[in-house]
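**Q** Please read through the structure below; I'll follow up with questions.
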Amino acid sequence: MNVIVAGGGTGGHLYPGLAIARALVRLDPSIRPHFVGARRGIEADVLPRTEFPHTLLDLHPLYRPKVWRNWRTLRGAFTAWAAMGRIGREVAPSIVVGTGGYASGAALAWAWAHGVPVVQHIGDSHPGIAARLLCRFSVEAYLGFPEATKFLPKGACVYRDTGNPIEPPPDIRPDPAVARAKWGFPAGARVLLVFGGSQGARAINQVVAAWVQQGLPPSLCVIWATGKGQYDAFRQFDRADVRVVPYLSPIADAFAASDLALARGGMMSTSELCAWGVPMVICPLPTAAQDHQTANATTLEAAGAAVHLAQRDLTPARLDALVRSLLDDPARLAALARGARARARPHAAVDIAQHIVRLVAATQGARR
1388 MNVIVAGGGT
1398 GGHLYPGLAI
1408 ARALVRLDPS
1418 IRPHFVGARR
1428 GIEADVLPRT
1438 EFPHTLLDLH
1448 PLYRPKVWRN
1458 WRTLRGAFTA
1468 WAAMGRIGRE
1478 VAPSIVVGTG
1488 GYASGAALAW
1498 AWAHGVPVVQ
1508 HIGDSHPGIA
1518 ARLLCRFSVE
1528 AYLGFPEATK
1538 FLPKGACVYR
1548 DTGNPIEPPP
1558 DIRPDPAVAR
1568 AKWGFPAGAR
1578 VLLVFGGSQG
1588 ARAINQVVAA
1598 WVQQGLPPSL
1608 CVIWATGKGQ
1618 YDAFRQFDRA
1628 DVRVVPYLSP
1638 IADAFAASDL
1648 ALARGGMMST
1658 SELCAWGVPM
1668 VICPLPTAAQ
1678 DHQTANATTL
1688 EAAGAAVHLA
1698 QRDLTPARLD
1708 ALVRSLLDDP
1718 ARLAALARGA
1728 RARARPHAAV
1738 DIAQHIVRLV
1748 AATQGARR
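In structure tokens, the structure reads:
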């Protein structure tokens, strides 16, 4: 069975596809995923280092504030349609899986026009315009947040509450004291994990830098992932109780060591933290498309899994007060951890893969 997985632009639209593709191959080694992405997205760097064949198209996003730039978007759409015809003939997919981003729309539109079954992964609590539109042509959609259903069109598409496909925590998790020792922290230290996703978050990094300079609460240690592009600007803050790294590797030792996390509101970051049961302070990126990170943050706060801290309120003093109040209140911290675990779907990738395999089998059986 051949499967086209289309999506990218950001890690939140690429890594779910990789998790689904790997789950499909583990489920049935004869399944052959082929990725379709954009030349200007994160997939241009990531996909060549994976085990999967892929094609990158000359695609551009929709420029809403600067509409005159959309000639590139229109040109890319026409060339992508022609390219998808060639890819479709070569791959002959049994199904096309969309994971969001502008590469996803082109592939899903082509699949629908050619009678190839279409499914989507929709990771955010408030789906974007493209995801909502494409649901009208999708057979199934796999939701990272069940709250997304109230924004999606009613019709033939079946919505499944699977959660977001992540690399699940190991069955035997690292001991927190051992994980802290790997970071050079005392076994009894309280640990704050700071990360802003694969690209980092400059606003968060700048406030954390000022906070570190002013002085951290007693016995607090910090694991601070700046993002690769911002590491050089903040690496000088690395010291025994503040470990500054470009990204989290291995990620398990960071999550296992942490009592609390300060993170953006992206679907993958929040899903990983839920799977590990790490309480969250979510500071959404205010310029994210359709403010979906704020929607994720408020949804998780309402579920008792997180505290929402708007970027306009993020200051060294506010961060210091919030971290102290949470770490000094074990009952509240434990309640946030329970709320996070209640939202966890650590095996979402496997569940989605099983749905896809069953759907293809049913579709092929109906055609016989």
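Residue numbers (this note's numbering): 1388 to 1755. For each residue, glycine too, the CB sits at the ideal point set by N, CA and C.
(1) The beta strand (DSSP E) that contains Asn1389, what's its start and end?
(2) Comparing C-alpha positions only, which one of Gln1698, Leu1495 and Leu1607 sits nearest to Ala1650?
(3) Determine the burial state of His1501: buried for a count of at least 16 other Cβ atoms within 10 Å of its Cβ, exposed for fewer.
(4) Here's a check: name, in chain order, each residue in its chain whose Cβ is nearer than 7 Å to the Cβ of Arg1711, leaving out the five neighbours to either side.
(5) Suppose you measure from the CA of Pro1563 to the CA of Glu1554; what does that come to, to the nearest Å?
(6) So, for Ala1494: in the same chain, excluding its five sequence neighbours on each side, which residues have a beta-carbon less than 7 Å away from its beta-carbon?
(7) DSSP has Arg1577 in a bridge; who is on the other side?
(8) Mind reading off the beta-carbon distance from Gly1404 to Ile1429? Whole number of angstroms is fine, and I expect it under 8 Å.
(9) In terms of residues, what are the limits of the alpha helix (DSSP H) holding Glu1659?
(10) For Phe1439 and Asp1738, I'd like the C-alpha separation in whole angstroms.
(11) With C-beta atoms as the reference, is Ser1512 less than 8 Å away from Thr1686?
(12) Going by beta-carbon coordinates alone, are Pro1666 and Leu1720 separated by less than 8 Å?
(13) Using the Cα positions of Arg1730 and Val1581, report the straight-line distance between them to the nearest angstrom.
(14) Locate the alpha helix (DSSP H) running through Asp1548, then write down its first and last residues.
(15) Measuring alpha carbon to alpha carbon, tell me which of Pro1480, Glu1659, Leu1401 and Asp1445 ends up nearest Ile1743.
(16) Report back the beta-carbon spacing between Leu1635 and Ala1648 to the nearest angstrom; my notes put them in contact at under 8 Å.
(17) Reducing DSSP to helix, strand and coil, say where His1513 ends up.
(18) Answer yes or no: do Ala1528 and Gly1487 have a C-beta to C-beta separation smaller than 8 Å?
(19) What do you reckon, are the CB atoms on Ala1662 and Ile1407 nearer than 8 Å?
(20) Are Ala1639 and Trp1570 touching if we call contact CB-CB under 8 Å?
(21) Under 8 Å: do the stretch 1587-1598 and the stretch 1547-1561 share three or more Cβ pairs, one atom per stretch?
(22) In terms of alpha-carbon separation, which member of Leu1672, Thr1536 and Val1545 lies closest to Ser1525?
**A** Taking the geometry as given:
(1) Per DSSP, the continuous beta strand (DSSP E) segment holding Asn1389 begins and ends at Asn1389 to Ala1393.
(2) Ranked by Cα distance from Ala1650, the options Gln1698, Leu1495 and Leu1607 are led by Gln1698.
(3) When all chains shown are included, His1501 counts as exposed.
(4) Once the five neighbours on either side are set aside, the close Cβ partners of Arg1711 are Pro1604.
(5) Going from the Cα of Pro1563 to the Cα of Glu1554 covers about 19 Å.
(6) Cβ neighbours of Ala1494 beyond the five flanking positions: Ile1391, Ala1393, Val1423, Met1471, Val1483 and Gly1485.
(7) DSSP lists Leu1607 as the bridge partner or partners of Arg1577.
(8) Actually they do not touch by this definition, with Cβ atoms about 12 Å apart.
(9) It spans Met1654 to Trp1663 - the alpha helix (DSSP H) in which Glu1659 sits, taken as one unbroken run.
(10) Distance between the alpha carbons of Phe1439 and Asp1738: 21 Å.
(11) Result yes, Cβ atoms of Ser1512 and Thr1686 sit closer than 8 Å.
(12) Yes; because the gap between Cβ atoms is below 8 Å, this pair is in contact.
(13) Per the coordinates, the alpha-carbon of Arg1730 lies some 21 Å from the alpha-carbon of Val1581.
(14) Taken as a continuous stretch (DSSP letters only), Asp1548 belongs to no alpha helix (DSSP H), being part of the beta strand (DSSP E) at Val1545 to Asp1548.
(15) Looking at the Cα atoms, Pro1480 is the closest of the given residues.
(16) In fact, because the Cβ distance is near 11 Å, the residues do not count as touching under 8 Å.
(17) His1513 sits in coil when the DSSP states are folded into three classes, being neither helix nor strand.
(18) Not a contact, by the Cβ cut-off of 8 Å.
(19) For Ala1662 and Ile1407, no; Cβs fall outside 8 Å.
(20) No, these two residues do not count as a Cβ contact at 8 Å.
(21) The stretch 1587-1598, when compared against the stretch 1547-1561, does not touch it at the 8 Å Cβ threshold.
(22) Among Leu1672, Thr1536 and Val1545, the Cα nearest to that of Ser1525 belongs to Val1545.
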